[in-house]
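Number of protein chains: 2
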Amino acid sequence: MIILKIGGGKDINITGVAEDLAALSEPLLIVHGANAWRDELAGRMGWEINRVTSVSGFSSTLSDTGLIDLQMMAYAGLRNKRIVETLRQHGVNAIGLSGLDGALIRGKRNAGIRVRQKGKLKLLKDFSGKPRSINSALLDMLLEAGYVPVITVPIIDENNRAINSENDDIVTLLNSHYKARRVIQLIEEKGLLSDPADRDSLVEKVTHADLETWINKEQGRIKRKLYAIGKLLAGGAHKVVITDGRVVHPVNAALRDKGTVFE
Amino acid sequence: MIILKIGGGKDINITGVAEDLAALSEPLLIVHGANAWRDELAGRMGWEINRVTSVSGFSSTLSDTGLIDLQMMAYAGLRNKRIVETLRQHGVNAIGLSGLDGALIRGKRNAGIRVRQKGKLKLLKDFSGKPRSINSALLDMLLEAGYVPVITVPIIDENNRAINSENDDIVTLLNSHYKARRVIQLIEEKGLLSDPADRDSLVEKVTHADLETWINKEQGRIKRKLYAIGKLLAGGAHKVVITDGRVVHPVNAALRDKGTVFE
Chain A
115 MIILKIGGGK DINITGVAED LAALSEPLLI VHGANAWRDE LAGRMGWEIN
165 RVTSVSGFSS TLSDTGLIDL QMMAYAGLRN KRIVETLRQH GVNAIGLSGL
215 DGALIRGKRN AGIRVRQKGK LKLLKDFSGK PRSINSALLD MLLEAGYVPV
265 ITVPIIDENN RAINSENDDI VTLLNSHYKA RRVIQLIEEK GLLSDPADRD
315 SLVEKVTHAD LETWINKEQG RIKRKLYAIG KLLAGGAHKV VITDGRVVHP
365 VNAALRDKGT VFE
Chain B
115 MIILKIGGGK DINITGVAED LAALSEPLLI VHGANAWRDE LAGRMGWEIN
165 RVTSVSGFSS TLSDTGLIDL QMMAYAGLRN KRIVETLRQH GVNAIGLSGL
215 DGALIRGKRN AGIRVRQKGK LKLLKDFSGK PRSINSALLD MLLEAGYVPV
265 ITVPIIDENN RAINSENDDI VTLLNSHYKA RRVIQLIEEK GLLSDPADRD
315 SLVEKVTHAD LETWINKEQG RIKRKLYAIG KLLAGGAHKV VITDGRVVHP
365 VNAALRDKGT VFE
């Protein structure tokens with residue numbers, strides 16, 4: 115089993131990904147983002163994404179009904195179906211699914227974001243949460259029949275509402291069940307950079323022991339990503355590779371350990 | 115087997131549909147439109163839908179790349195996932211799929227639209243076509259596992275490109291395989307009207323023999339719809355009911371033969 119996470123940027127080479135995947139003969143799960151498409155769609159619609167700052171100082175996107183609508187359009191709609199189309203053009207038997215479909219990814223809705231509004235403390239409840247379980251019977255049935263599930267948000271909460279969730283958490287959950295021999299993450303960088311300002315400062319290898327040092331050193335998104343990789347390794351992933359998705363053959367590169375290898 | 119076609123208008127009562135379907139215990143296929151959402155999204159994006167008039171005088175939508183993008187967002191994304199969400203909230207084990215997913219609905223791309231541009235005849239090739247075959251192995255597998263497939267456009271052509279297609283043709287194709295005991299079509303009218311200007315002029319029953327008279331009498335969309343119903347009956351549908359989707363319990367009404375019954 116290989117689990118492939120495709121980042122949400124526009125420069126990921128999906129045709130190259132499709133060519134590479136067509137040559138593989140093992141079970142495969144794909145999870146993808148679509149941030150760039152969501153933001154472009156929001157821009158074209160003149161739709162302002164609501165960002166809030168919690169009392170503890172964290173800034174986050176408020177996943178209100180409009181944001182979930184956007185996510186359905188950009189992630190589960192446009193990006194998911196265009197990826198499926200490209201994969202099928204190269205002979206990959208892709209089937210696109212959101213976490214809602216067949217309750218594929220079930221989550222627990224977050225309690226809310228604590229904010230201060232007009233001097234008063236308030237709990238802003240939005241449609242976001244953490245994935246908790248997968249419908250493995252559905253995934254197994256599709257995998258055994260030779261399909262390649264192409265999975266994206268939204269997922270479904272305990273009350274069957276569509277909620278937003280982190281792709282990293284979805285990948286961790288899938289891996290905790292399937293124990294992939296390799297988790298590949300395609301991003302728009304060469305991999306983990308030792309100096310974010312120097313795009314060539316690739317870190318080629320991070321051992322489980324090094325990881326904590328890195329997590330302490332990094333900030334923000336990278337810190338979260340490294341933390342998620344730690345959970346992946348702890349959850350039974352044999353190897354995690356972060357590779358540049360912009361190259362001619364991104365998956366082949368990842369299979370040859372190009373990028374940053376975590377093990 | 116019941117095949118349920120849900121029209122693309124905003125006033126169809128999906129909650130009522132979900133309540134009704136939750137009480138059914140037979141296999142079910144759903145095909146839905148999303149015209150109103152597509153047009154609203156196009157409007158909000160300031161996106162002009164390209165309409166062309168062929169040399170034979172027919173006006174049609176040009177399914178260019180942008181229109182297929184819109185369709186993925188509005189049909190396969192927003193509307194499909196919100197329908198799945200509502201169905202699941204009422205205990206219906208829904209799984210949303212476009213015709214691309216698992217190559218569920220395979221079609222043949224149209225040759226093109228003959229138009230006259232600057233005095234010259236030209237063949238405008240777009241991404242539209244006719245559905246020709248279904249992946250019944252995938253549908254059977256899902257149906258046997260207790261899922262309710264919720265199907266929408268785009269479909270996939272002979273070269274694995276996403277193409278637009280008529281929902282009526284998809285329903286006809288599904289029925290030619292599954293021979294539904296009843297095909298239900300939910301629309302935003304009481305049914306077939308004998309006088310389009312009088313919304314209460316419901317025609318309660320149309321026999322196969324009457325149908326040709328009606329087809330000759332009607333024009334445009336209604337004529338096409340009646341023609342499609344003729345094909346449904348010829349293809350083995352035992353009964354086709356067109357019912358008002360705006361009522362409290364639309365599917366129950368259709369099961370009680372409210373609306374226009376064709377048999």
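Chains A and B, in that order, give the protein sequences. If you're matching positions, the first sequence starts at 115 in our numbering and goes up one per residue. If you're matching positions, the second sequence starts at 115 in our numbering and goes up one per residue. Backbone N, C-alpha and C fix where the C-beta goes; we use that ideal spot for every residue, glycine too.
For the pair T179(B) and R165(B), the CB atoms are not nearer than the 8 Å cut-off. Residue pairing for I270(B): DSSP places it in a beta bridge opposite R220(B), A276(B). Using a CB distance cut-off of 8 Å, N278(A) does not count as an interface residue toward chain B. Shortest Cα-Cα distance from P245(B) to any of G205(B), D125(B), E272(B), I197(B) involves E272(B). By the Cβ neighbour-count rule, A294(A) is buried, with 16 or more other Cβ atoms within 10 Å of its own. E199, R202, Q203, N207, A208, I209, G210, L211, S212: these are the residues of the stretch 199-213 of chain B whose beta carbon lies less than 8 Å from some beta carbon of chain A, given in chain order.
Counting only the Cα atoms, E318(B) lies some 39 Å from M187(A). Across the set N149(A), T357(A), R335(A), R223(A), the C-alpha of T357(A) shows the shortest separation from the C-alpha of T374(A). Secondary structure at G210(A): strand, using DSSP grouped into helix, strand and coil.
L143(A) sits away from Y261(A), with the two beta carbons spaced by 8 Å or more. For P364(B), the enclosing alpha helix (DSSP H) stretches over residues 364-369. Between A136(A) and chain B, the shortest Cβ-Cβ separation is not below 8 Å. A Cβ-Cβ distance of about 3 Å is found for the pair N149(B) and G122(B), placing them in contact under the 8 Å criterion. Runs of alpha helix (DSSP H) with 4 or more residues, each lying fully within the stretch 262-348 of chain A, are found at 281-292, 322-331, 334-348, listed in chain order. The beta carbons of I117(B) and N289(B) sit about 6 Å from each other, so the pair counts as a contact at 8 Å. Bounds of the alpha helix (DSSP H) holding R152(A) are 149-159. Under the three-state reduction of DSSP output, D358(A) falls in the strand class. Residue pairing by DSSP places L181(B) in no beta bridge whatsoever. Not flagged as an interface residue toward chain B: L143(A), since no C-beta distance is shorter than 8 Å. Under the three-pair Cβ rule at 8 Å, the stretch 365-373 of chain B does not count as touching the stretch 324-342 of chain B.
Taking CB atoms only, L192(A) has a neighbour in chain B less than 8 Å away.
Chain A places a beta carbon closer than 8 Å to that of R275(B), counting this residue as a contact.
In this structure, V169(A) keeps its C-beta atom at 8 Å or more from the C-beta atom of V264(A).
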